[in-house]
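Step one of this worksheet: look at the structure below.
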Amino acid sequence: MVATKTKSNLDRLRSFGFLHPMFHSKNIRKLICLFVTICILMSQSLANEQDFMEEFLKREYSLSKPYRGLGFSSSSQWDLMGTAMVTPDHVRLTPDLQSRQGAVWSRIPFFLRDWELKVHFKIHGLGKKNLNGDGLAIWLTKDRMQNGPVFGNMNQFVGLGIFVDTYPNADKSHDRAFPYISVMLGNGTLSYDHDRDGRPTELGGCTAMARNAIYDTFLLVRYSKNRLVLMVDVDGKQEWKHCADITGVRLPTGHFFGASSATGDLSDNHDIISMKLYQLTVEKTPEEEEEEEEVTIPRVDNMEQFQVDVQEEGMSGVQFFFTLVFSILGLGVLAVVGMILYGRWKENRRKRFY
Ligand SMILES: *[C@@H]1O[C@H](CO)[C@@H](O)[C@H](O)[C@H]1NC(C)=O
Ligand SMILES: [Ca+2]
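Under the UniProt record's numbering, the residue at position 280 of the sequence shown is numbered 280, and the numbers go up by one with no gaps.
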């Protein structure tokens, strides 16, 4: 039914083409060219709007199947630590057993400025809800291969930590549901407070039902133009949900990616299936380039966060004001010129009458 309809439409179009000079093959080619050009221009402007022109997977910073030689081959870009072990399907940081610590660390220091990290992970175990622990962490830090109390990594770390905390240590007031994912920037003196689930140092976060999930669970970290965005996909909808969005984040370069996990009295399997690092191609204004000063200690322009927003709005307000003023001035000049011309024309007419 549909097929015949389109066919008759096509026939009509073809006969119309014979009748109408606009639809001669040359013109059609021109029209197609025009259409394609418009499409390209439109898609380009759309891409510009999104700011991120392209994404490139960087294999040297990525961990994905097959994990050939991971941890023992000298050509591998990753090291294993503690209880971490590789299976064909995942890198298991800890098994579902008490008091284990495991980690996987990139060997190559990281120097890209605009990037996106997609982590495919799986946390599962036999423990009942809130009788499991402790979670896992994703790192981009100055030091690597350290043992410690922060999900199996050292405390007073320097760099970025993202925690998938599956056990509520703090007062159990149930004001937030766990697993809870949070972001922290360590500067070497700040301490992650495990007993309070890191709340004093938390820059942002969200609840994500990522344990014993029947769907694949992902988190995404995007860092670009001093902005750190954290998103999660844990309910099988294949869409990213916003988790945290922090502006004014200054990360040093030369740090290392890693993932670590620890179990205590309570446990879970903590698996990393992949960590994929994409380089983002971002257009920047010279001011934005200038904004990106090199830092050696990570920090957040915390207090200025709101001021930055206000300033941006203020700028557009100022622009609007000037546009208005110049429009009025322009209209005024036009009016004056018009009046002069009108006066001359009137005078000429008067002269002609005499
Ligand atoms: C780290 O941050 C804290 C809190 O902002 C600050 O008090 C401390 O001086 C910082 N340490 C370094 C080494 O910058
Ligand atoms: Ca906790």
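Even for Gly, the Cβ is constructed at its ideal location relative to N, Cα and C.
In its own chain, which residues sit with a C-beta less than 8 Å from the C-beta of residue i, not counting the 5 before and 5 after it?
| i | result |
| --- | --- |
| ASN269 | ARG92, THR94, PRO95, ASP96, LYS122, ILE123, HIS124, GLY125 |
Quick one, which of the options has its alpha-carbon nearest residue i's?
| i | options | result |
| --- | --- | --- |
| MET81 | LEU70, ASP89, PRO88, SER75 | LEU70 |
| ASN169 | ALA259, ASN130, ARG299, ASN155 | ASN130 |
| PRO179 | THR253, ASN147, GLY135 | GLY135 |
| HIS242 | ASP233, ALA213, PRO252 | ASP233 |
| ARG113 | VAL336, THR323, VAL282, VAL333 | VAL282 |
| ILE214 | ARG199, GLY236, ASP301 | GLY236 |
| GLN101 | GLU290, LYS58, MET154, PRO252 | MET154 |
| LYS284 | SER224, ALA335, TYR342, MET231 | SER224 |
| GLY159 | ILE297, PHE326, LYS346 | ILE297 |
| ASP271 | MET339, LEU331, LYS65 | LYS65 |
| PHE111 | MET85, PRO252, ASP143 | PRO252 |
| TRP240 | PHE257, LEU219, ILE246 | LEU219 |
Is it the case that the CB of residue i approaches a heavy atom of ligand 1 more closely than 6 Å?
| i | result |
| --- | --- |
| LEU334 | no |
| GLY188 | yes |
| ILE214 | no |
| ILE297 | yes |
On the criterion of 16 or more Cβ atoms from any shown chain inside 10 Å, does residue i qualify as buried, or is it exposed?
| i | result |
| --- | --- |
| GLN98 | exposed |
| PRO286 | exposed |
| GLN311 | For GLN311, the pLDDT reaches just 35, beneath the cut-off of 50, and the residue's location in the model is therefore unreliable, leaving the point undetermined. |
| GLU313 | Unreliable positioning characterises GLU313 in this predicted model, as indicated by a pLDDT of 41, which lies under 50. The coordinate reading is nonetheless provided below. Counting Cβ neighbours within 10 Å, GLU313 comes out exposed, since fewer than 16 surround it. |
| LEU329 | exposed |
| PHE326 | exposed |
| SER106 | buried |
| SER75 | exposed |
| MET184 | buried |
| LYS128 | exposed |
Could you tell me whether the Cβ of residue i comes closer than 7 Å to any Cβ of chain D?
| i | result |
| --- | --- |
| LEU331 | Of the protein chains in this structure there is only one, and it is not chain D. |
Let me check you understand the geometry: is the CB of residue i closer than 6 Å to at least one non-hydrogen atom of ligand 2?
| i | result |
| --- | --- |
| TYR167 | yes |
| ASP89 | no |
| ASP197 | yes |
What does DSSP give as the partner residues of residue i in its beta bridges?
| i | result |
| --- | --- |
| ILE328 | DSSP output for ILE328 lists no bridge partner at all. |
| ARG222 | GLU116, VAL229 |
| GLY258 | TRP105, TRP139 |
| ASN187 | VAL158 |
| TYR180 | ASP165, THR207 |
| GLN146 | According to DSSP, GLN146 bridges with nothing at all. |
| ALA244 | LEU230 |
| MET339 | None, per the DSSP bridge assignment. |
| ASN269 | HIS124 |
Using a Cβ-Cβ cut-off of 7 Å (strictly less than) and excluding sequence neighbours within five positions of residue i, which residues of its own chain qualify?
| i | result |
| --- | --- |
| PHE151 | ASP134, GLY135, LEU136, ALA137, PHE163, SER260, SER261, ALA262 |
| ILE108 | GLU60, TYR61, GLN77 |
| ARG176 | THR207 |
| THR189 | GLN156 |
Tell me which residues share the same chain as residue i and place their Cβ nearer than 6 Å to its Cβ, disregarding the 5 neighbours each side in the sequence.
| i | result |
| --- | --- |
| ASP197 | ASP165, ASN169, ALA170 |
| LYS58 | LEU277, GLN279 |
| ARG211 | ILE123, THR166, PRO179 |
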